[in-house]
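Have a look at the structure below before the remarks.
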Amino acid sequence: EEKTVKGIKVKAVPAYNIGKTFHTKDKGWLGFVVEVEGVKIYHAGDTDFIPEMKDIKTDIALLPVSGTYVMTADEAVSAALTINPQIAIPMHYGSIVGSEKDAEKFAKALEGKIEVIVLPKS
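When we follow my numbering, the leftmost residue of the sequence shown carries the number 21, and every step to the right adds one.
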């Protein structure tokens, strides 16, 4: 589903786990592609690297990297290479599970392929 609110497009896309029971596909969990002034931003949500990601067209991708409840850093690298955004931002680490090392591993693996921005913890 897609809606436009005050000139900002928001499209819901699937987000789920494969082989885990945390976020099953049948529950209808979502990620979002938000378009602002022609720039598309994908927030993957709580998800693994799923087949539907091959259809995501975005400039910036926010991808979970911590494993356990979402994809691992290695799986997030595969997702980023599939989606091929201009910029990838790792997320969902350093709180419940995962650490900054997951974000660093993600960034290092994509070096020279996709620009990665690791945001500072606040």
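Backbone N, C-alpha and C fix where the C-beta goes; we use that ideal spot for every residue, glycine too. As the structure is a computational prediction, the values presented were derived from the model and not from experiment.
Reduced DSSP secondary structure (H/G/I, E/B, other) of residue i
i, result
"residue 31", "strand"
"residue 117", "coil"
"residue 60", "strand"
"residue 38", "coil"
"residue 52", "strand"
"residue 136", "strand"
"residue 91", "coil"
"residue 67", "coil"
"residue 21", "coil"
Exposure label - residue i; buried when at least 16 CB within 10 Å
i, result
"residue 136", "buried"
"residue 56", "exposed"
"residue 95", "buried"
"residue 75", "exposed"
"residue 51", "buried"
"residue 88", "exposed"
"residue 85", "buried"
"residue 24", "exposed"
"residue 42", "exposed"
"residue 46", "exposed"
Beta-carbon spacing of residue i, residue j below 9 angstroms
i, j, result
"residue 71", "residue 49", "no"
"residue 59", "residue 79", "yes"
"residue 122", "residue 110", "yes"
Residue closest to residue i, alpha-carbon to alpha-carbon, out of the options
i, options, result
"residue 104", "82, 55, 138", "82"
"residue 40", "109, 120, 91", "91"
"residue 18", "32, 54, 36", "Because the chain here runs from 21 to 142, residue 18 falls outside it and cannot be looked at."
"residue 28", "47, 45, 61, 37", "61"
"residue 133", "69, 66, 108", "108"
"residue 117", "99, 93, 36, 46", "93"
"residue 36", "125, 100, 66, 130", "66"
"residue 131", "101, 115, 114", "101"
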